Amino acid sequence: MAKKSKKAKKKLPLAYKPIGFALGWTSGTVAGMAFQKTWKVIKKEDNAPDALDRDRRWSEILLAAAIQGAIFAVVRSAVDRAGAKAIERSTGTWPVPDQGGRD
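Residue numbers (this note's numbering): 452 to 554.
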């Protein structure tokens, strides 16, 4: 019986991959929407500057990039953690090996 448990634990990270992919895609979408709303509040503009916008200043482009990166990291971490905790609650096993960090 112990062999089955170890085998199931080895297969769980593989089974979690599609779930992790879907969560990543969802978190990216949510983060994008959150950034657009945040930028609208900060600068009262519908569109954030792009690095190739000729008429935008460096400071404005870098501010937008920093805010976007921070929002993306927070949303992705929250969604990843919530998904992993849900898998652990339902299966009793943490969904990724104990290596720590992202690959």
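Glycine included, every Cβ here is placed at the ideal spot set by N, Cα and C. Only a predicted model underlies this, so the values are computations on that prediction, with no experimental measurement involved.
Rank the options by C-alpha distance to the C-alpha of residue i and give the top, closest one.
{"i": "Asp497", "options": "Leu503, Asp504, Gln487, Asp506", "result": "Gln487"}
{"i": "Val526", "options": "Arg507, Trp476, Ala537", "result": "Trp476"}
{"i": "Val481", "options": "Ala537, Leu513, Ser528", "result": "Ser528"}
{"i": "Asp501", "options": "Leu514, Leu465, Arg540, Lys468", "result": "Leu514"}
{"i": "Gly479", "options": "Ala524, Thr544, Glu539", "result": "Ala524"}
Which same chain residues end up closer than 6 Å to residue i when comparing Cβ atoms and leaving out the 5 residues on each side of it in sequence?
{"i": "Ala473", "result": "none"}
Measure how close the beta-carbons of residue i and residue j come, nearest whole angstrom, since I'm counting them as under 8 Å.
{"i": "Ala499", "j": "Ile522", "result": "Between Ile522 and Ala499 the Cβ distance is about 11 Å, and since that is not below 8 Å, they are no contact."}
Counting only the same chain and skipping the five closest in sequence on each side, list residues whose C-beta sits under 7 Å from that of residue i.
{"i": "Gly520", "result": "none"}
{"i": "Thr489", "result": "Ile518, Ile522"}
Go through its chain and collect everything with a Cβ distance to residue i's Cβ below 8 Å, but skip five positions before and after it.
{"i": "Gly471", "result": "Asp531, Gly534, Pro546"}
{"i": "Met504", "result": "It is worth fixing the name first, because residue 504 is Asp in this sequence and not Met. These residues qualify, in order along the chain: Ile512."}
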